[in-house]
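Worksheet for the structure shown next.
Residue numbers (UniProt numbering): 1 to 109.
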């Protein structure tokens, strides 16, 4: 199982944690929601749980609960700036049937 963090995303994670003044990384996962089935979740990680995996790349850490790994396996997390919009973007090779708003997705079986 793996997930890739791009250089730009790592820079943004480090920047946000520095501004916040606390945290060990960015916690990512998925939850059932939206029109297509799942949506990505992101929050600060302040501690590790017993079921957490840590992926460190470019000086930043992603914390992922093991139960989310099958849905995120092979994904790349990037940070994009498009005009005034700045956001993290997942490129998940297992995702299909994204909804029109782009917030939710379904998984390839």
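By construction, the Cβ of each residue, glycine as well, lies at the ideal position given by its N, Cα and C atoms.
A quick note: this is a predicted structure, and the numbers were derived from the prediction, not measured.
DSSP places residue 2 outside both helix and strand once states are collapsed to three, so it counts as coil. Taking the Cα of residue 77 as reference, the smallest distance to any Cα among 17, 32, 42 is reached at 42. When rounded, the separation of the alpha-carbon atoms in residue 70 and residue 14 is 26 Å.
Spanning the alpha carbons of residue 58 and residue 37 requires a straight line of approximately 31 Å. Following the DSSP letters along the chain, one finds residue 80 in no alpha helix (DSSP H) but inside the beta strand (DSSP E) bounded by residues 75 to 82. The Cβ atoms of residue 54 and residue 27 do not sit closer than 8 Å to each other.
For residue 53, there is no enclosing alpha helix (DSSP H); the enclosing beta strand (DSSP E) covers residues 52 to 57.
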